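Under UniProt numbering, the sequence shown is numbered contiguously, ending at residue 639.
One structure is given below, encoded as structure tokens.
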Amino acid sequence: MNYQTYYQESIDNPESFWKKQADKLKWYRNPSETLTKSADKPYTWFKDGVLNTCYLCLDRHVEEGNGTRTALIYDSPVTSVKKHYSYEEMRNETAKTAGMLKNLGISKGDRVIIYMPMIPEAIIAMLACARLGAVHSVVFGGFAPHELQVRIDDAHPKVLLTATCGIEFTKVIPYLPMVETAVKDSKYPPAHVIVFDREQYPITTLPSYARRWQDELMKAGSAPCTEVTGNDPLYILYTSGTTGKPKGVVRENGGHAVALNFSMEYTYDCRPGEVFWAASDIGWVVGHSYIVYAPLLRGCTTICYEGKPIKTPDAGAFWRVINEYAVNHFFTAPTAFRAIKKEDPEAQLLKKYDISCLKRIYVAGERMDPPTYQWLTDISRKPVLDHWWQTETGWSIVANPIAVDKKPIKTGSSSLPMMKGTDVPAGKSGNIVIRLPMPPGCLNTLWNNYEGFYKSYLETYAGYYLTGDGGYIDTDGYVFIMGRIDDVINVSGHRLSTGEMEEIIGSHPAIAECAVVGIEDELKGQVPVGFFVVKDGADKSEEDIEKELVALIRDQIGAVAVFKKASKVKRLPKTRSGKILRKTIRRLADERDVPVPPTIDDPLILDELREVMPTDIAELSKVLLVRLGRQETKKTARA
Numbered sequence: 001m002n003y004q005t006y007y008q009e010s011i012d013n014p015e016s017f018w019k020k021q022a023d024k025l026k027w028y029r030n031p032s033e034t035l036t037k038s039a040d041k042p043y044t045w046f047k048d049g050v051l052n053t054c055y056l057c058l059d060r061h062v063e064e065g066n067g068t069r070t071a072l073i074y075d076s077p078v079t080s081v082k083k084h085y086s087y088e089e090m091r092n093e094t095a096k097t098a099g100m101l102k103n104l105g106i107s108k109g110d111r112v113i114i115y116m117p118m119i120p121e122a123i124i125a126m127l128a129c130a131r132l133g134a135v136h137s138v139v140f141g142g143f144a145p146h147e148l149q150v151r152i153d154d155a156h157p158k159v160l161l162t163a164t165c166g167i168e169f170t171k172v173i174p175y176l177p178m179v180e181t182a183v184k185d186s187k188y189p190p191a192h193v194i195v196f197d198r199e200q201y202p203i204t205t206l207p208s209y210a211r212r213w214q215d216e217l218m219k220a221g222s223a224p225c226t227e228v229t230g231n232d233p234l235y236i237l238y239t240s241g242t243t244g245k246p247k248g249v250v251r252e253n254g255g256h257a258v259a260l261n262f263s264m265e266y267t268y269d270c271r272p273g274e275v276f277w278a279a280s281d282i283g284w285v286v287g288h289s290y291i292v293y294a295p296l297l298r299g300c301t302t303i304c305y306e307g308k309p310i311k312t313p314d315a316g317a318f319w320r321v322i323n324e325y326a327v328n329h330f331f332t333a334p335t336a337f338r339a340i341k342k343e344d345p346e347a348q349l350l351k352k353y354d355i356s357c358l359k360r361i362y363v364a365g366e367r368m369d370p371p372t373y374q375w376l377t378d379i380s381r382k383p384v385l386d387h388w389w390q391t392e393t394g395w396s397i398v399a400n401p402i403a404v405d406k407k408p409i410k411t412g413s414s415s416l417p418m419m420k421g422t423d424v425p426a427g428k429s430g431n432i433v434i435r436l437p438m439p440p441g442c443l444n445t446l447w448n449n450y451e452g453f454y455k456s457y458l459e460t461y462a463g464y465y466l467t468g469d470g471g472y473i474d475t476d477g478y479v480f481i482m483g484r485i486d487d488v489i490n491v492s493g494h495r496l497s498t499g500e501m502e503e504i505i506g507s508h509p510a511i512a513e514c515a516v517v518g519i520e521d522e523l524k525g526q527v528p529v530g531f532f533v534v535k536d537g538a539d540k541s542e543e544d545i546e547k548e549l550v551a552l553i554r555d556q557i558g559a560v561a562v563f564k565k566a567s568k569v570k571r572l573p574k575t576r577s578g579k580i581l582r583k584t585i586r587r588l589a590d591e592r593d594v595p596v597p598p599t600i601d602d603p604l605i606l607d608e609l610r611e612v613m614p615t616d617i618a619e620l621s622k623v624l625l626v627r628l629g630r631q632e633t634k635k636t637a638r639a
């Protein structure tokens, strides 16, 4: 079967198509219905099927004679600890951790919040919740107390699992002060807080409501797998940067297992026993889907990496891990490679390692700019496959179907729609939407907030899910994602893509990474402003680079873009998953006081940007106003 056959069957006969995929899993009881609808959900997959996700990830492989196969590799350059776990060891550790949770009163349907660093115990905790039929909600370790508190108050967990600390580069981040504040401020504090004691920050005293993980584990027996139905929730994952009522994406057990198992075969062409590494964090959807669940469902080896692409210890960190563990499939965000390119533009560190084991490199999480794509392809000599998906979908919306029909790569495109009807008229830019029903694995509600789900995703276009991203589909069916809908700016009535401008700026040989945002302008509505980070060793002045960037935009887009200002910065504000916080940059341009986003990787970056912003933006406004014979307005003076 080729791509078109697969795709068309999934659109024309979705129930038949997905039943075939469901039959590949080992259910306790096969579902009698594939797709159902109800008043509170627009679609549910495999509603009455009975399964257990932990069983599918661990126990099944042991029963099938693969218990000695390596399931998890822990590699922590920040602590110099490395460890391997077989499938049998993972099953035993998970069963005991589930026993610990059971002793604390956790049973099917109860919620558990996991606020932990990238250590094996965090992954084991997720699987232990799944084993009991409990619903886990992972909150990125180190999130601000308020953000943890609002998630506690939305999920109402019985237990909060945490650790004494996380480690960022060489800095130890104590977690307990943040947990204490969140619990104290919560309306619905958990009954129990269990703390994993790390030697990098050992426990001295604990609050009265907290207990030491290691002590509780010693009291526990092994818990068996609990049967759940296909529509029982597996986890809640809150989308980053939420304010007010948090948006808790709900993932159901049945559709989730079917979709991820399918994606490992179809999207990644990954076979049982191969090593799959997603260099992310379990606080994000990539970590849920492709560090924890998908590789283990498939019977692969996955890697828990407590480090960064650079400075742990250097920009060769990724190549070292690939070489050391014979990684076959590698997946990370484009921003990681931009950071590596900045520190090691000639890829000298790559020469120290043998990456011949690597079949393909996958990127997602942010648009893959063509200059970085070309650099990575050249230095790795491996296929680099971009694909596009979201927290809400849980797996790829658009990708290259390499397992059945590898398609040519088009720079700037994530390739072709997967088993989802992705609609935009050919060649025309617009808001990208997906026809309902969404396939298995995608959200069908928000936790305790169906109204919010409907308004956010379904209300705008009847019968379609609104992705929130804009772009276009070419005549060959390739999808080009140009950025979030709110990243399209309006300059004197012309709708211009900041993503397109970033692509042009990124083509400059001195640029490591960049961001373009639209700032308010009294005369033109909005004008674009660029911010760029230069590669290490670049010998051009900021003024010369700025002139060349302005000329590039004028040459490739035209004077209509009114692109006149680009500022050099040391670094760009990003989330911990590597996405550039363009909305925050935009707000800094228009407002002096901007709240620190809860998802930001390093809040000090905002102070660095503030040093650049006021003078540069004011100068830009003055230039525009003087040219047109106007006086400064209050708004531009404030900017």
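Backbone N, C-alpha and C define an ideal beta-carbon position, used for all residues, glycine too.
Quantities reported herein were computed from a predicted structural model and do not represent experimental measurements.
What residue does the beta strand (DSSP E) around residue i start on, and which one ends it?
{"i": "D469", "result": "Y464 to I473"}
{"i": "S38", "result": "L35 to S38"}
{"i": "H136", "result": "V135 to V138"}
{"i": "residue 694", "result": "The displayed coordinates of the chain run from 1 to 639. Any statement about residue 694 would go beyond what the structure contains."}
{"i": "W27", "result": "First-last for W27: undefined, no H or E at that position."}
{"i": "W277", "result": "V275 to A278"}
{"i": "M482", "result": "V479 to R484"}
{"i": "A551", "result": "No beta strand (DSSP E) holds A551; the alpha helix (DSSP H) holding it covers E542 to Q556."}
{"i": "A210", "result": "A210 to R212"}
{"i": "H192", "result": "H192 to F196"}
Looking at the unbroken alpha helix (DSSP H) that takes in residue i, where does it start and where does it end?
{"i": "I511", "result": "Run containing I511: none in the alpha helix (DSSP H); it sits in the beta strand (DSSP E), I511 to D521."}
{"i": "V321", "result": "A317 to E324"}
{"i": "L148", "result": "P145 to A155"}
{"i": "L337", "result": "The question names Leu, but residue 337 is Phe in the sequence shown. P334 to E343 is the span of the alpha helix (DSSP H), which, as asked, contains F337."}
{"i": "T498", "result": "T498 to G506"}
{"i": "A130", "result": "P120 to L132"}
{"i": "D386", "result": "That residue, D386, is in no alpha helix (DSSP H); its beta strand (DSSP E) goes V384 to D386."}
Taking Cβ positions, are residue i and residue j nearer each other than 7 Å?
{"i": "Y353", "j": "N323", "result": "yes"}
{"i": "C165", "j": "I152", "result": "no"}
{"i": "F196", "j": "W277", "result": "no"}
{"i": "S289", "j": "G412", "result": "no"}
{"i": "T70", "j": "T301", "result": "yes"}
{"i": "I397", "j": "K428", "result": "no"}
{"i": "V560", "j": "E306", "result": "no"}
{"i": "Y464", "j": "R435", "result": "yes"}
{"i": "V138", "j": "I303", "result": "no"}
{"i": "A220", "j": "M100", "result": "yes"}
Which term fits residue i, buried or exposed, when burial requires 16 or more other beta carbons within 10 angstroms of its beta carbon?
{"i": "D110", "result": "buried"}
{"i": "S541", "result": "exposed"}
{"i": "G430", "result": "exposed"}
{"i": "F480", "result": "buried"}
{"i": "Y373", "result": "buried"}
{"i": "L620", "result": "Low confidence applies here, because L620 scores a pLDDT of 44, under 50, leaving its location unreliable and the question unanswered by this model."}
{"i": "E1", "result": "What sits at residue 1 in the sequence shown is Met, not Glu. M1 is exposed by the Cβ-count criterion."}
{"i": "R298", "result": "buried"}
{"i": "E93", "result": "buried"}
{"i": "N13", "result": "exposed"}
{"i": "P177", "result": "exposed"}
Taking the alpha-carbon positions, what's the residue i to residue j distance?
{"i": "P233", "j": "V250", "result": "7 Å"}
{"i": "E64", "j": "R360", "result": "28 Å"}
{"i": "R381", "j": "W375", "result": "10 Å"}
{"i": "I223", "j": "K102", "result": "Going by the sequence as given, residue 223 is Ala instead of Ile. Spanning the two alpha carbons is a distance of roughly 8 Å."}
{"i": "P157", "j": "E147", "result": "15 Å"}
{"i": "F143", "j": "Q149", "result": "10 Å"}
{"i": "H256", "j": "P440", "result": "6 Å"}
{"i": "L25", "j": "F262", "result": "10 Å"}
{"i": "M116", "j": "F140", "result": "7 Å"}
{"i": "T575", "j": "I600", "result": "4 Å"}
{"i": "T615", "j": "I114", "result": "Any reading at T615 must be qualified, since the residue scores a pLDDT of 45, below 50, and its modelled position is unreliable; the value itself is stated next. If I take the Cα positions, the gap works out to 43 Å."}
{"i": "K579", "j": "L572", "result": "10 Å"}
{"i": "I310", "j": "K342", "result": "10 Å"}
{"i": "A317", "j": "L127", "result": "28 Å"}
{"i": "Y7", "j": "K184", "result": "51 Å"}
{"i": "V517", "j": "V292", "result": "35 Å"}
{"i": "A130", "j": "T53", "result": "6 Å"}
Can you find a heavy atom of the ligand NAP that lies under 6 Å from the Cβ of residue i?
{"i": "G133", "result": "Of ligands this structure carries none, so the ligand NAP is not represented either."}
Between the stretch 431–445 and the stretch 35–44, do at least 3 Cβ pairs fall closer than 8 Å?
yes
Inspect the CB distances between the stretch 453–460 and the stretch 400–407 and report whether three or more fall short of 8 Å.
no
Validate contact between the stretch 189–206 and the stretch 13–30 using beta carbons, cut 8 Å, 3 pairs:
no
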